[in-house]
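Reviewing the structure listed below.
In full-length UniProt numbering, the protein residues as written are 1 to 309.
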């Protein structure tokens, strides 16, 4: 499993259910259904006190992932999902069983990651209470198929872009554990809604440096387990730092030779897509800049730079 902050000192084993439930019961007296977080406490979330190690780790990891906005961001509260009660325990058990199944399928590792999911307070409460019920189409960003979009642990800024401000001026995000299994690259603008084959379990926007994890709707309540809710104040409408998305500069390489190189890394479906784009370019149905942009979307900058060097 991947790490958060100093890499998962707050890590929770999938076999730690009994310990966590007991721990959450100890903290239950600190939670009031009358405060501004009544929606969370009503749904069985337990406030994590600021003097606890897990609070410090989650806060630090979150602020680092906010980049420059971390200096202007104030973490107000962290709540832990106690997954108490029959429904909560059933959801945890479902996640545990599927993690074992995916691990067996993938040769021993389910590739479990921590990831952020931003939404309105009402949506966050709905997910905690009933699970994911729909795949919200992301706003103001490119679409990579139809599924639940989550941001890697070190990019909390991306999840913050999807969060809404409540009447108290707070934003809220879920910190989840996600079963990725074997991921496949999804092209920008794709209408994909399920794995392209039984080989894959999830999607990413880039295999080598993902900024988006895509969990298909069929798996959204078995492969995503909400662990924490973090509530914070941040500048309205934070913008993603585009410095990390700078275009690569690389030597010239003829397209047919580039295709032969990429064929060693990309699946046939992606290669067919690249061939289609190249044919459209040769037929004057696509400009050179459009072709380059499409190639970058399909292959990813990291792979292109590695191949062209």
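Quick reminder that beta carbons are idealized off the backbone N, C-alpha and C, glycines included.
TODO: With a 10 Å radius around its C-beta and 16 neighbouring C-beta atoms as the bar for buried, classify residue 257 as buried or exposed.
DONE: exposed
> Helix, strand or coil for residue 226 per DSSP?
Replying inline: strand
Item to complete: Return no unless some Cβ of chain B is closer than 8 Å to the Cβ of residue 298.
Response: Any reference to chain B falls outside this structure, which holds one protein chain only.
Count the other CB atoms within 10 Å of the CB of residue 123; is the residue buried (16 or more) or exposed (fewer)? buried
- From the DSSP output, which residues share a beta bridge with residue 81? 45
Cutting at 8 Å between CB atoms, please list the residues of its own chain near residue 234, excluding the five before and the five after it. 66, 69, 72, 73, 74, 160 and 171
Checklist entry - For the candidate residues 144, 190 and 168, whose alpha-carbon lies nearest to that of residue 76? => result 168
Need the endpoints of the beta strand (DSSP E) that residue 119 sits in, please. 112-119
Residue 233 by DSSP, collapsed to three states: which one?
-> strand
*Out of curiosity, what's the CA-to-CA distance linking residue 241 and residue 232?*
Here residue 241 scores only 39 on pLDDT, less than 50, and its place in the model should not be relied on; the value that follows carries that caveat. Approximately 19 Å between the Cα atoms of the pair.
For residue 193, count neighbouring Cβ atoms within 10 angstroms of its own Cβ and tell me buried if that reaches 16, exposed if not. exposed
* To do: Ignoring anything shorter than 3 residues or poking outside the UniProt domain "RST" (246-309), list the beta strand (DSSP E) runs there in chain order.
  => none
Can you give the Cα-Cα distance for residue 53 and residue 90, rounded to whole angstroms?
28 Å
Taking the alpha-carbon of residue 213 as reference, which of 226, 148 and 197 has the nearest alpha-carbon?
148
### Query
What are the start and end residues of the alpha helix (DSSP H) that includes residue 202?
Taken as a continuous stretch (DSSP letters only), residue 202 belongs to no alpha helix (DSSP H), being part of the beta strand (DSSP E) at 202-204.
**Prompt:** Are the segment 99-107 and the segment 172-188 in contact at 8 Å, needing three or more beta carbon pairs?
**Reply:** yes
| task | Taking 8 Å as the threshold, find out whether the segment 84-99 comes into contact with the segment 212-228 through three or more Cβ pairs. | result | yes
On the CB-based measure, 16 or more other CB atoms within 10 Å of its CB, does residue 38 come out buried or exposed?
exposed
Are the CB atoms of residue 84 and residue 131 within a distance shorter than 8 Å? no
#### Entry: Backbone CA spacing between residue 248 and residue 308 [nearest angstrom]
Since pLDDT at residue 248 reaches only 40, below the 50 mark, its modelled position is unreliable, and the value read off the structure follows with that caveat. Answer to the nearest angstrom: the Cα atoms are 11 Å apart.
Exercise for review: Look at the alpha carbon of residue 295 and the alpha carbon of residue 143, and state the distance between them as a whole number of angstroms.
Suggested key: 16 Å
**Report entry** Limits of the unbroken alpha helix (DSSP H) element including residue 50
**Finding:** Run containing residue 50: none; DSSP gives neither H nor E here.
Check for me: the beta strand (DSSP E) holding residue 185 runs from which residue to which? 183-185
* To do: Tell me whether residue 168 sits in a helix, a strand or coil according to DSSP, three-state version.
  => coil
### Message
In whole angstroms, give me the CA-to-CA distance for residue 151 and residue 116.
### Response
5 Å
*Can you name, in chain order, every residue of its own chain whose Cβ lies under 8 Å from the Cβ of residue 166, other than the five neighbours on each side?*
120, 121 and 172
Tell me which same chain residues have a C-beta within less than 6 Å of the C-beta of residue 311, skipping the five on either side of it? Residue coverage of the chain in this structure runs from 1 to 309, which leaves residue 311 outside it and unanswerable.
### Task
With DSSP collapsed to three states, give me the class of residue 176.
strand
Check your understanding: Taking C-alpha atoms, which residue in 262, 278 and 62 lies nearest to residue 158?
Key -> 62
Throw me the rounded Cβ distance for the residue 299 and residue 262 pair, which I believe falls under 8 Å. 6 Å
### Query
Can you tell me the Cα-Cα spacing of residue 191 and residue 287, whole angstroms?
23 Å
Residue 111 CB to nearest heavy atom of the ligand GTP below 7 Å | By its list of ligands, the structure shown contains no ligand whatsoever, and the ligand GTP lies outside what it can speak to.
What do you reckon, are the CB atoms on residue 230 and residue 64 nearer than 8 Å?
no
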